[in-house]
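Engineer: Mind looking over this structure? Questions follow.
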Amino acid sequence: MDNPDFIIVGAGSAGCVMAERLSASGRHKVLVLEAGGDDRRFYIQMPLGYGKTFFDPKVNWMYRAEPDPGLAGNVDHWPRGRVLGGSSSINAMVWIRGARADFDDWRAAGNPGWGADEMCTAFREIECAVIGDDAQRGRSGPLNLFVPDKTVHPLTLKWFEAAQTLGLPFNPDFNGADQEGVGLFEFTIHKGRRLSAARAFLRPAMKRPNLRVIKGAQVTGLSFDGTRVTGVSYRRGGRTVEIKAGREVILSGGAVNSPQLLQVSGIGPAAHLTDLGIKVRLDNTNVGRNLEDHVGFNYTYRAKCKTLNQDLRPWWGKVRAGLQYLLTRGGPLSVSLNQAGGFFRTGPAQDRPNIQLYFQALSTVLPRPGERPILSPDPWPGFSIGCSNCRPKSRGEIMIRSSDPREAPRISPNALSHEDDVRELLETGKFIRKMAATSPLADFIESEILPGPKVIDDEAMIEDLRRRSGTVYHPVGTCRMGPDPAAAVVDPRLRVHGVGGLRVVDCSVFPNIVTGNTNAAAIATAWRASELVLEDAGQVAS
Ligand SMILES: Cc1cc2nc3c(=O)[nH]c(=O)nc-3n(C[C@H](O)[C@H](O)[C@H](O)COP(=O)(O)OP(=O)(O)OC[C@H]3O[C@@H](n4cnc5c(N)ncnc54)[C@H](O)[C@@H]3O)c2cc1C
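Residue 30 is where the sequence shown starts when you use this note's numbering, and the numbers rise one by one after that.
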């Protein structure tokens with residue numbers, strides 16, 4: 030495509046939405062450059078295939094974080110999608126909008142148009158949901174949502190009962206007005222297949238003559254005319270190509286790659302860029318900083334009843350599940366493992382839930398090295414109750430190591446470096462044990478396997494949670510939005526402060542992380558952003 034109006038870097042959750050929205054009117058030529066390849070692969074389309082894509086470099090950037098003192102020095106695996114659909118093609122498909130108050134925090138941080146009401150409007154336009162109140166939920170958007178109400182494992186219902194006994198109510202819709210309680214998650218799954226952002230937004234739009242998607246094209250730098258970005262250069266098949274954008278370049282590379290691309294292009298902390306021999310275009314110390322991520326861990330139990338371990342561990346169980354999936358698009362491979370979960374507050378001082386819970390009728394304490402644990406169910410019946418924090422106070426950063434855009438940046442999560450983050454996970458561990466000790470769940474438990482009966486006092490529990498916690502893959506905030514260039518990277522219209530012709534639209538712009546998984550908020554951010562881009566181009570979004 031010659032002379033595109035918009036160049037979108039990255040066809041992930043946000044990039045796919047941008048491509049669809051900006052090309053819808055036919056008035057703008059839109060070019061999408063995606064470093065990865067095609068998403069029409071079996072293990073992407075089959076929902077439980079995310080166990081396989083987790084360590085597959087063909088579709089995954091496979092980042093490694095720095096050894097993290099807060100995580101007992103562990104080196105965490107940081108998967109990120111490198112394929113059409115981005116991380117929405119390899120994620121666990123849980124659809125959680127976030128708390129309404131999270132978006133009101135975005136607005137209160139000086140970002141008009143990003144509050145709960147505006148984001149609710151965006152979510153309603155995006156969703157095709159089958160549960161909840163009409164006033165809250167969308168019924169005819171492009172993104173079909175699935176609730177596993179017919180396939181959920183019966184032990185899950187016992188967990189719901191135990192939680193209710195402890196005062197945590199059943200919540201029929203985590204994406205309604207209130208998140209608190211336990212219940213079934215909604216999933217980006219449609220007719221037994223993953224509904225990634227590529228499938229929901231990009232593929233239908235690819236039929237348009239004014240949209241072109243180039244796969245295998247890794248953008249390596251931005252081109253400038255003074256302080257205005259005029260285009261990008263990318264590498265494909267060993268060649269470097271330069272291309273100009275008539276209107277704007279939109280970075281949708283995600284929370285790791287968008288700050289990396291800004292930094293290698295000379296936008297970032299000047300001292301660091303100078304040290305690496307990079308010409309500084311704009312000094313902004315926030316690029317790559319303010320990294321927020323959720324971390325979590327599991328409590329695992331040996332059960333007295335059959336769990337998914339017996340269905341998915343033996344070879345004949347795998348064959349049966351595979352055939353069931355191929356013939357009916359149903360069965361355990363057609364849905365995520367964490368079918369249910371919840372949100373709760375560790376104390377009355379919290380104005381909204383600060384912990385997310387996950388229930389999985391499967392245990393994986395004996396993972397094979399190099400394989401995702403979910404691929405190795407234990408030989409005995411087992412299940413897990415997992416948790417992750419919702420609004421951690423710890424902050425990390427992402428900084429390039431060299432001027433070479435192909436070298437992975439240094440990821441320093443700095444997880445659990447704030448004492449409050451440790452305390453709330455400790456309280457959560459105690460609460461999970463309380464649930465496990467409550468009937469009727471208690472009646473189905475033979476023993477606690479992890480952390481086990483020796484881990485009792487606070488000191489031992491903290492040592493355990495640091496050792497066993499890890500990212501739950503929700504990094505955000507590394508190009509955060511805000512009105513003040515001294516404290517943010519993009520303004521409330523997502524234009525990079527101090528530079529023309531350039532926006533960032535993806536998870537990296539979140540001013541604060543949301544209460545729950547981040548894909549929905551990434552998609553809604555792009556939906557809102559497309560309205561701003563079209564408005565600035567003199568067009569009202571259709
Ligand atoms: C294993 C895993 C499980 C998860 N589970 C869930 C879940 O169940 N529910 C949920 O809500 N969230 C989940 N998440 C998080 C969620 O998927 C992400 O927050 C969301 O997809 C991020 O969207 P994004 O648009 O910011 O970035 P991405 O979707 O990661 O998209 C970035 C895209 O840009 C491309 N790109 C990057 N750099 C370049 C470059 N230089 N040139 C060209 N292309 C480039 C990438 O290849 C990628 O396609 C999970 C994530 C992972 C990794």
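Where is the CB? At the ideal position from N, CA and C, for every residue including glycine.
1) Go to residue 464, then tell me how far its alpha helix (DSSP H) extends in each direction, as first and last residue.
2) Nearer than 6 Å: is that true of the beta carbon of residue 247 relative to any heavy atom of ligand 1?
3) Based on the DSSP output, what are the partners of residue 219 in its beta bridges?
4) May I have the straight-line CA-CA distance separating residue 573 from residue 146, to the nearest angstrom?
5) To the nearest angstrom, how far is the alpha carbon of residue 287 from that of residue 167?
6) With a floor of 4 residues, list each alpha helix (DSSP H) that falls wholly inside the stretch 478-531, ordered by position along the chain.
7) Taking the continuous beta strand (DSSP E) assigned at residue 562, which residues delimit it?
8) Leaving out five residues on either side along the sequence, give the residues of the same chain with a beta carbon under 7 Å from the beta carbon of residue 169.
9) Please determine, among 352, 319, 552, 233, the residue with the shortest C-alpha to C-alpha distance to residue 506.
10) Can you pull the DSSP bridge partners for residue 89?
11) Hey, out of 503, 527, 409, 528, whose CA is closest to residue 545's CA?
12) How far does the alpha helix (DSSP H) with residue 149 in it reach, from first residue to last?
13) Helix, strand or coil: how does DSSP classify residue 47 here?
14) In terms of alpha-carbon separation, which member of 79, 383, 371, 153 lies closest to residue 172?
15) Using a threshold of 7 Å, state whether the C-beta atoms of residue 59 and residue 197 are closer than that.
16) Does the distance between the C-beta of residue 475 and the nearest non-hydrogen atom of ligand 1 fall short of 6 Å?
17) So for residue 248, helix, strand or coil by DSSP?
18) Starting from the C-beta of residue 484, find all residues in its chain whose C-beta is less than 7 Å away, skip the five residues before and the five after it, and write them out in chain order.
19) Could you say if the stretch 54-71 and the stretch 227-243 meet the contact criterion of at least three C-beta pairs nearer than 8 Å?
20) Would you check whether ligand 1 has a heavy atom nearer than 6 Å to the C-beta of residue 468?
21) What is the rounded straight-line gap between the Cα of residue 540 and the Cα of residue 130?
22) Decide if residue 500 is buried, meaning its Cβ has at least 16 other Cβ atoms within 10 Å, or exposed.
23) Does at least one heavy atom of ligand 1 sit under 6 Å from the Cβ of residue 547?
24) Could you name the residues of the same chain whose beta carbon sits closer than 8 Å to that of residue 310, not counting the 5 residues immediately before and after it, in chain order?
25) Entirely within the stretch 174-244 and at least 4 residues each: give me those alpha helix (DSSP H) ranges in chain order.
26) Curious, which full-length alpha helix (DSSP H) runs of at least 4 residues does the stretch 301-380 contain?
27) Nearer than 6 Å: is that true of the beta carbon of residue 286 relative to any heavy atom of ligand 1?
28) Just how far apart, CA to CA, sit residue 177 and residue 364?
29) Tell me whether residue 108 counts as near ligand 1, meaning its Cβ is closer than 6 Å to at least one heavy atom of that ligand.
30) Is DSSP giving residue 294 helix, strand or coil here?
31) With distances taken between CB atoms, is the gap from residue 375 to residue 383 smaller than 7 Å?
32) List the DSSP bridge partners of residue 77.
33) What is the DSSP secondary structure of residue 473, counted as helix, strand or coil?
34) If you drop the 5 nearest sequence neighbours on each side, which residues of the same chain put their C-beta closer than 8 Å to that of residue 48?
35) What's the call for residue 163, buried or exposed, on a 16-neighbour Cβ count within 10 Å?
36) Give the range of the beta strand (DSSP E) segment to which residue 388 is assigned.
Structural biologist: According to the structure shown:
1) 448-465
2) yes
3) For residue 219, which the question treats as bridged, DSSP gives the partners 222.
4) For the chain, the structure presents residues 30 to 571; residue 573 sits outside this window and is missing.
5) When the Cα atoms are used, residue 287 and residue 167 turn out to be separated by approximately 30 Å.
6) 487-497
7) Run containing residue 562: none in the beta strand (DSSP E); it sits in the alpha helix (DSSP H), 548-565.
8) 157
9) Looking only at 352, 319, 552, 233, the smallest Cα-Cα distance to residue 506 is reached by 319.
10) 110
11) 503
12) 145-155
13) Taken through DSSP and simplified to helix, strand or coil, residue 47 comes out as helix.
14) Residue 172 has its Cα closest to that of 153, out of 79, 383, 371, 153.
15) no
16) no
17) strand
18) 490, 493
19) yes
20) no
21) 13 Å
22) buried
23) Distance from the C-beta of residue 547 to the nearest heavy atom of ligand 1 is below 6 Å.
24) 253, 256, 294, 295, 296, 528
25) 183-194
26) 337-341, 344-357
27) yes
28) Near 7 Å, if we compare the C-alpha coordinates of residue 364 and residue 177.
29) yes
30) Note: residue 294 maps to coil in three-state DSSP.
31) yes
32) Paired residue(s): none; residue 77 is not in a bridge.
33) helix
34) 37, 40, 59, 61, 230, 231, 234, 240, 242
35) exposed
36) 384-389
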